[in-house]
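Keeping their order, the protein sequence lines are chains A and B.
Just so we're aligned: 319 in the working numbering is position 32 of the first sequence, and the numbers increase by one with no gaps anywhere.
Just so we're aligned: 158 in the working numbering is position 144 of the second sequence, and the numbers increase by one with no gaps anywhere.
Okay, so here's the structure we're looking at.
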Amino acid sequence: MTAAFTGLRAWLVQRMSAVYMLFFIAYFLVHFAVDPPHSYPVWRTWMTSFSVSIATAAFFAALLAHAWVGLRDVILDYIHPMVFRVCLLVLLGFALTAVGAWIVRILWMSHG
Amino acid sequence: MATMHFSIFRYNPERDEKPYMQDFHIDLVPTDRMLLDVILRIRDSQDDSLTIRKSCHEGVCGSDAININGRNGLACVTRVRELKEPVVLRPLPSFPVIRDMVVDMTSFWKQYHSIKPYLVNEEPAPEKERLQSPEDRDKLDGSYECIMCGCCTSQCPSSWWNPEKFVGPAGLIQAYRFISDSRDRATQERLDDLNSDPYRLFRCRTIMNCTEVCPVGLSPSRAIERIRLRMLDIEGHRGGLTLHRVPTIR
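Here it is, written out as C-alpha cells:
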C-alpha cells in the first residue's frame with residue numbers, strides 16, 4: 288500500500304474500475320444475446336481476437352484493483368491491531384497476485 | 015386520556031454495575047406534544063434521577079439528541095403521539111455513556127475542531143467586513159445550518175469503527191461549509207488535510223445514514239461527495255446543498 292494509493296486515488300480506482308467492469312459485462316451480455324457464437328472454435332476465435340483479448344485483460348486488471356481497494360477498506364475498517372492487519376494485507380496481496388498470475392497464464396495459453 | 019409505555023435506558027456508573035432498560039407508563043395530557051415534554055414529566059413525576067441533556071426545547075441547540083425507537087433524533091421536535099409503543103429510548107449509539115441518555119461527545123468535538131471550523135484568511139481585514147456576492151453566499155446553504163447534535167455521526171458505521179480517525183459526517187459537512195466559502199483562503203489546505211490518509215474522509219461508504227437521520231434535513235453525504243469532486247477539480251455543482259424533508263420518527 289503506497290501513500291499514493293490512499294484516499295482519493297484508491298477511491299477513484301474503485302469507481303473507475305467498477306464503471307469499466309459494468310460496461311465490459313454489458314458488452315459481453317449484449318454480444319452473446321445478439322450474436323452468440325455457435326461453436327467453440329467461433330467463440331475461441333472471438334475471444335482471442337486482439338481487441339477482445341485486450342478488453343478481457345483490462346477487465347481482470349480492473350477486477351483485481353477493485354478487489355484490492357474494497358478488501359483493503361474492509362481490513363482498515365475492522366482490523367485494528369497493526370500486526371494482524373499487516374499480515375492480512377500481505378496475505379490479500381499474495382492472493383490477488385496469485386489470481387492475477389493465473390489469469391495471465393490462462394489468457395497467454397489461449398493464444399498458444 | 016391515553017397512557018403511553020416507555021422503555022428507557024438507565025445507567026448510573028456510581029450505582030449500577032451495568033446498564034438496564036426501565037419501563038415507565040404515563041398518562042398523556044393535552045400539553046404533551048413533543049417527546050421531550052413527556053420525558054421531563056416522567057422525570058418530575060416518577061423518577062427525578064432520570065437524566066437527559068437539554069437546552070432550547072425547539073430543535074436549535076441539538077442538546078437532546080437521543081436514539082428513539084432505534085433511530086437518532088431530537089426529543090424536542092419528535093411528536094410523541096406518533097411514536098410506536100413501547101417507545102424505546104437509548105443514548106446516542108457509539109458514544110460513551112455518562113449517565114442515562116447523556117453521552118460523552120469528546121471524540122465528536124475533537125473531530126470537529128480538527129477541520130478548523132473557522133474562516134482562514136490572512137489578507138488584511140477590510141474596514142467593515144469581508145463581503146461576498148449573493149451567489150457565493152448561496153453556496154453555504156445546506157451546510158451552515160448544522161446544529162452539531164451528533165445524530166448523523168452517531169448513526170454512521172464508519173464512525174463506529176474508527177471514531178479517532180474518521181472525521182465523521184458532522185465534521186465533514188462543516189469542512190464543506192468552509193471549503194465552499196468564498197472568503198476562506200485555505201481551501202487547498204483543507205482538501206489536502208482530508209486526503210492526507212485513507213481515514214479522515216475516505217472511510218465514508220455513502221450509505222447515507224447521516225442524511226437519513228439529520229433532524230434539520232441536511233445531507234452530509236452530498237457534502238462529502240462534493241468534497242471528493244473538489245479534490246478532483248470538478249465544480250459541476252453551483253449553489254448550496256438541497257435540504258430534504260425531515261423524516262418522521264415512529
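Where is the CB? At the ideal position from N, CA and C, for every residue including glycine.
From a predicted model like this one, the values you see are computed outputs, not experimental measurements.
Outcome for L234 of chain B when other beta-carbon atoms lying within 10 angstroms are tallied against a minimum of 16: Taking the second sequence and counting its residues from 1, the one referred to as residue 234 of chain B is at position 220. According to the sequence shown, residue 234 of chain B is Pro rather than Leu. P234 of chain B comes out buried.
Residue range of the beta strand (DSSP E) that includes V370 of chain A: Your numbering for residue 370 of chain A matches position 83 in the first sequence. Element bounds for V370 of chain A: not the beta strand (DSSP E) but the alpha helix (DSSP H), M369 to S397.
For L246 of chain B, the three-state DSSP class (helix, strand or coil): Counting from one through the second sequence, the residue named residue 246 of chain B turns up at place 232. Coil.
V52 of chain B beta carbon less than 7 Å from that of V102 of chain B: Sequence index remark: in the second sequence, residue 102 of chain B carries index 88 (1-based). Sequence index remark: in the second sequence, residue 52 of chain B carries index 38 (1-based). In this structure, V52 of chain B does not lie closer than 7 Å to V102 of chain B by Cβ.
Three-way DSSP call (helix, strand, coil) for A290 of chain A in this model: In the first sequence, counting from the first residue as 1, residue 290 of chain A sits at position 3. Residue placement at A290 of chain A is flagged as unreliable, the pLDDT there being 46, under the threshold of 50; the coordinate-derived value follows with that caveat. If DSSP states are grouped into helix, strand and coil, A290 of chain A belongs with the helices.
Neighbour flag for S194 of chain B against chain A, beta carbons, 7 Å: For this step, residue 194 of chain B is matched to residue 180 along the second sequence. No, S194 of chain B does not count as interfacial toward chain A.
Option in B:L64, B:I40 and B:Q202 with minimal Cα separation from I112 of chain B: Counting from one through the second sequence, the residue named residue 112 of chain B turns up at place 98. Cα-wise, what sits closest to I112 of chain B is B:L64.
Span of the alpha helix (DSSP H), counted from its first residue to its last, around R359 of chain A: Counting from one through the first sequence, the residue named residue 359 of chain A turns up at place 72. Segment F337 to Y365, the alpha helix (DSSP H) holding R359 of chain A.
Any non-hydrogen atom of the ligand MN closer than 6 Å to S397 of chain A Cβ: Looking at this structure, you won't find the ligand MN or any other ligand, since it has none at all.
DSSP beta-bridge partners of V117 of chain B: Residue numbering aside, residue 117 of chain B sits at position 103 when the second sequence is read from its first letter. Beta-bridge pairing links V117 of chain B to B:V111.
Beta-carbon neighbours of F355 of chain A, restricted to chain B and to distances below 9 Å: Here residue 355 of chain A corresponds to residue number 68 of the first sequence, with the count starting at 1. Contrary to the premise, residue 355 of chain A reads as Trp rather than Phe in this sequence. Those do not exist, as W355 of chain A stays about 13 Å from chain B at its closest Cβ, beyond 9 Å.
Cβ of M245 of chain B within 7 Å of any chain A Cβ: The sequence position of residue 245 of chain B within the second sequence is 231, counting from 1. With 7 Å as the cut-off, M245 of chain B counts as an interface residue toward chain A.
Terminal residues of the alpha helix (DSSP H) in which I129 of chain B lies: Here residue 129 of chain B is taken as the residue at index 115 of the second sequence, counted from 1. Per DSSP, I129 of chain B belongs to no alpha helix (DSSP H) and is neither H nor E.
Within-7 Å CB hit, A291 of chain A to chain B: On the first sequence, residue 291 of chain A is found 4 positions in, with the first residue counted as 1. Because A291 of chain A carries a pLDDT of 46, less than 50, the predicted location of this residue cannot be relied on, and no value is offered for it.
Coil, strand or helix - I56 of chain B by DSSP: By 1-based counting over the second sequence, the position of residue 56 of chain B is 42. Here I56 of chain B sits in helix by DSSP.
Residues bridged to A102 of chain B (per DSSP): Counting from one through the second sequence, the residue named residue 102 of chain B turns up at place 88. The displayed chain sequence assigns Val, not Ala, to residue 102 of chain B. In the DSSP output, where bridge partners are listed per residue, V102 of chain B has B:S21.
Interface flag, L380 of chain A vs chain B, CB-CB below 7 Å: Working through the first sequence from its first residue, we reach residue 380 of chain A at position 93. Strictly speaking, residue 380 of chain A in this sequence is Gly, with Leu absent from that position. Chain B contact via Cβ: absent.
Residue ranges of each alpha helix (DSSP H) within the region 146-210 of chain B, 4 or longer: 148-152, 165-168, 171-175, 182-193 and 201-208
Cβ shell of G357 of chain A (< 7 Å), same chain only, five flanking positions each side left out: As a working note, residue 357 of chain A is residue 70 in the first sequence. Excluding sequence neighbours, G357 of chain A sits near Q301.
Endpoints, the beta strand (DSSP E) within which N81 of chain B is located: Numbered from 1 along the second sequence, position 67 holds the residue referred to as residue 81 of chain B. First-last of the beta strand (DSSP E) with N81 of chain B: A79 to I82.
Contact set between A297 of chain A and chain B, taken where Cβ atoms lie within less than 9 Å: In the first sequence, the residue the question calls residue 297 of chain A occupies position 10. In chain order: P212 and F216.
Whether S304 of chain A touches H353 of chain A by CB criterion (7 Å): Stepping through the first sequence from its first residue, residue 304 of chain A is reached at position 17. Stepping through the first sequence from its first residue, residue 353 of chain A is reached at position 66. Taking 7 Å as the Cβ cut-off, S304 of chain A and H353 of chain A qualify as a contacting pair.
M1 of chain B - DSSP class collapsed to helix/strand/coil: Any property of residue 1 of chain B remains undetermined from this structure, which presents chain B solely from 15 to 264.
Residue range of the unbroken beta strand (DSSP E) whose run includes R85 of chain B: Taking the second sequence and counting its residues from 1, one reaches residue 85 of chain B at position 71. Its beta strand (DSSP E) spans residues R85 to L88.
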